[in-house]
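Engineer:
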Amino acid sequence: PRPRPSPPALRLCLAPPPPRAPAAAGAPRPAPRHYLRQVDNGLAHASRQLHRARAGTGDGFDYPDTAFGQSLRWTADMIETGCPTRVYYVSIGSFDTPASASFDTHVDQLSKHRILFTELGRGLRAFARHLRGSGQLDRVLLLTFSDFGRLVAENRSNGTEHGDAGVLFVMGGGVRAGLLGEPADLGKVTRGGLDATVDFRHVYADVLRHWLGVDPALILGNDGGTFPIVSA
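Using my numbering, read the sequence shown as starting at 274 and increasing by one per residue.
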């Protein structure tokens, strides 16, 4: 979200931890109990503050009763409270989840996608309604991404293998509406996959520059290209 003033009690959402990592890296023995107790107490204190901050936030939205849905609910609640955190990360399926709950569908893709996209759609719909109801939608940009695309043809297990090109979805009150970029051409397949028509780094660059106010060259190098996602 774009920044705005926030209550002091919520600064813990953004405040960096004490610089203990260098000392811990050279420690020849396990961390002392008093340090572990201090960390545990700090986490418990932060949890209590976050729960208090969420009291009275939006309710009655049809979030999926899944880890993904509840993560979106927490994110919307924290944005509504004014927490100064600028970037939230929520995932649906990963290498740490069962194959049946992941978009990395090498097996039985059609039936799994039917379930996963239903969960994704319900979650994002509730998230958008929640933000609109709390007056926050224009401050939020939601960007989906994956670490790889898929090949075009099915494999022998009714799934697909990793490929280069994929799709990317952006949602929010400050983004350009509609389908952006050239549509995929199934008549042009390279090494079994579609040719990418947009460099994903240019999408990131536009979000960094025009939404977060960061020079993309500091993160992505000096390519200089952008793809217009954020509306003027």
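Note that CB positions come from ideal geometry on N, CA and C, so glycine has one too. These numbers come from a predicted model, not from an experiment.
The beta strand (DSSP E) with G396 in it runs from where to where?
Structural biologist: That residue, G396, is in no beta strand (DSSP E); its alpha helix (DSSP H) goes 382-406.
Engineer: For my contact list, T499 and A478 are in at a C-beta cut-off of 8 Å; report their separation, rounded to the angstrom.
Structural biologist: 5 Å
Engineer: Taking only three categories from DSSP, how would you classify T348?
Structural biologist: helix
Engineer: Within the segment 421-505, note down every full alpha helix (DSSP H) run reaching 4 residues or more, in order along the chain.
Structural biologist: 473-483, 490-493
Engineer: Exposed or buried, what is L383 when buried is set at 16 or more other beta-carbons lying within 10 Å of its beta-carbon?
Structural biologist: Burial state of L383 is exposed, judged by a 10 Å Cβ sphere holding fewer than 16 other Cβ atoms.
Engineer: Compare the Cα-Cα distances from T463 to each of D488, I492, R423, G408 and report the closest residue.
Structural biologist: R423
Engineer: Quick check on this structure: which residue in I492, H307, H475, L323 has the alpha carbon closest to the alpha carbon of L441?
Structural biologist: H475
Engineer: If we count the other Cβ atoms within 10 Å of its Cβ and call it buried at 16 or more, is T391 buried or exposed?
Structural biologist: Answer is exposed; the Cβ neighbour count stays below 16.
Engineer: Using DSSP bridges, identify the partner residues of L414.
Structural biologist: G445
Engineer: Contact between the segment 387-401 and the segment 418-433 is defined here as three or more beta-carbon pairs at a separation below 8 Å; is this criterion met?
Structural biologist: no
Engineer: Using DSSP with H/G/I as helix, E/B as strand and the rest coil, what is D369?
Structural biologist: Caution applies to D369, whose pLDDT of 44 falls short of 50 and renders its modelled position unreliable; the value that the coordinates give is listed next. In this structure, D369 counts as coil in the three-state DSSP scheme.
Engineer: One question on the structure: do G448 and L481 come within less than 8 Å of each other, judged by their Cβ atoms?
Structural biologist: Gly is not the amino acid found at residue 448; the sequence shown has Val there. Taking 8 Å as the Cβ cut-off, V448 and L481 do not qualify as a contacting pair.
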